[in-house]
Amino acid sequence: MGFHLKLDHIKILYIEGSNWGDQPHSHEDVYQISVPLTGEMITDLNQTTLALKEGEAIVTNPLSLHAHQFDNVPSSMFLIGLDRQSLNAWNNVNLTEEITFIEKQTISPNVIKKQVKQWFDRYLFQSHEDTCKKDIENEAFHFFTSIFRGSHSTTMKHQSNGHYMTHVLDYIHTNYHETISVDTLAMIANQSKYHFMRSFKNYTHLSPHQYLIRTRIERSKELLTTTTRSLLDISYEVGFNNPSQFHRNFVNVIGCSPLQYRMNH
21 MGFHLKLDHI KILYIEGSNW GDQPHSHEDV YQISVPLTGE MITDLNQTTL
71 ALKEGEAIVT NPLSLHAHQF DNVPSSMFLI GLDRQSLNAW NNVNLTEEIT
121 FIEKQTISPN VIKKQVKQWF DRYLFQSHED TCKKDIENEA FHFFTSIFRG
171 SHSTTMKHQS NGHYMTHVLD YIHTNYHETI SVDTLAMIAN QSKYHFMRSF
221 KNYTHLSPHQ YLIRTRIERS KELLTTTTRS LLDISYEVGF NNPSQFHRNF
271 VNVIGCSPLQ YRMNH
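Following my numbering, the numbering of the sequence shown begins with 21 at its first residue and continues without gaps.
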């Protein structure tokens, strides 16, 4: 029938086939996004029937009654669920407003397929890394609130607190060799986890995970050029779990292997 990507606060389900449907239902704690990719999707939303084709989408706000079906024409779709509490915490640090999306939206099937593929590939190959899932969730919240219109469209504020962020960066630079959780950094920044991830990205242009990796790589460059220590020792010294993880991240950031860097410097 399709594939299922399940994170802590986001679920993405791909469905394809014909003569398929679900029963009318609602979700108290989920915003559900339905995106036809091929064929035609029939959606009942709050007692209104809509025939949607590719390029059209429905965003079902929490507690809205809805159902989907494919007739005898082969069709496919994404069903995406965003956790209500987590999305609103990410959107509004003070939790004073709750998002209400406009229900009928438009989105390019190619854009959503490309984006989902990127998230799926990263989840498959990087899910063992500390903040991979949180990075994907943060990017997904940003993607969907940017693409889809709603009450958040004119009220979202992209502000960061420079005073707290300085403390966060100092903490990373001091403890980069240790396991650092996003929860710990958010506490230092005095922000909710999802608001912190967004404001950190605005402040540094990197996710917390990317910033931590780059900090480790910068320290490893110093050790490579000023000591004769082995790559194994250096990889553990700067906080990587094993030499292969060190090698992979060094190549991604610097563009050459640690050994090549040492030989050239």
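Backbone N, C-alpha and C fix where the C-beta goes; we use that ideal spot for every residue, glycine too.
Residues bridged to residue i [DSSP beta-bridge criterion]
i, result
"residue 64", "69, 87"
"residue 58", "96"
"residue 76", "126"
"residue 26", "31"
"residue 214", "According to DSSP, residue 214 bridges with nothing at all."
"residue 103", "50"
"residue 40", "90"
"residue 45", "86"
"residue 121", "170"
When the options are compared against residue i, the one with the closest alpha-carbon
i, options, result
"residue 255", "265, 248, 247", "265"
"residue 57", "197, 87, 94, 213", "94"
"residue 91", "111, 104, 39, 99", "39"
"residue 222", "185, 203, 252, 237", "185"
"residue 279", "156, 250, 212, 261", "250"
"residue 45", "31, 86, 108, 146", "86"
"residue 281", "253, 260, 237, 262", "237"
"residue 118", "129, 134, 29, 106", "106"
"residue 168", "32, 121, 66", "121"
"residue 138", "72, 160, 124", "160"
"residue 274", "68, 48, 239, 25", "239"
"residue 24", "211, 136, 283, 67", "136"
"residue 268", "163, 253, 233, 243", "233"
"residue 84", "49, 72, 109, 100", "49"
Rounded straight-line distance, which links the Cα of residue j to that of residue i
i, j, result
"residue 78", "residue 270", "42 Å"
"residue 178", "residue 144", "Per-residue confidence for residue 178 stands at a pLDDT of 40, beneath the threshold of 50, marking its modelled position as unreliable; the derived number appears in the next sentence. Cα to Cα, the separation comes out at about 30 Å."
"residue 276", "residue 241", "12 Å"
"residue 165", "residue 258", "36 Å"
"residue 98", "residue 82", "18 Å"
"residue 36", "residue 74", "13 Å"
"residue 55", "residue 224", "33 Å"
"residue 42", "residue 209", "43 Å"
"residue 229", "residue 70", "42 Å"
"residue 131", "residue 171", "23 Å"
"residue 156", "residue 188", "21 Å"
"residue 215", "residue 111", "7 Å"
"residue 113", "residue 217", "Because the pLDDT of residue 113 is 49, which lies under 50, any placement of that residue in the model is unreliable, and the question is left without a value."
"residue 261", "residue 207", "25 Å"
"residue 158", "residue 31", "13 Å"
"residue 60", "residue 96", "8 Å"
"residue 204", "residue 231", "15 Å"
"residue 176", "residue 272", "Bear in mind that the predicted position of residue 176 carries a pLDDT of just 38, short of 50, making it too unreliable to give a figure here."
Whole-angstrom C-beta distance between residue j and residue i, which should lie under 8 Å
i, j, result
"residue 51", "residue 104", "6 Å"
"residue 126", "residue 76", "6 Å"
"residue 285", "residue 245", "5 Å"
"residue 193", "residue 247", "Their Cβ separation, rounded to whole angstroms, is 20 Å, which puts residue 193 and residue 247 out of contact at 8 Å."
"residue 8", "residue 89", "Nothing can be reported for residue 8, as the shown portion of the chain is limited to 21 through 285."
"residue 153", "residue 28", "6 Å"
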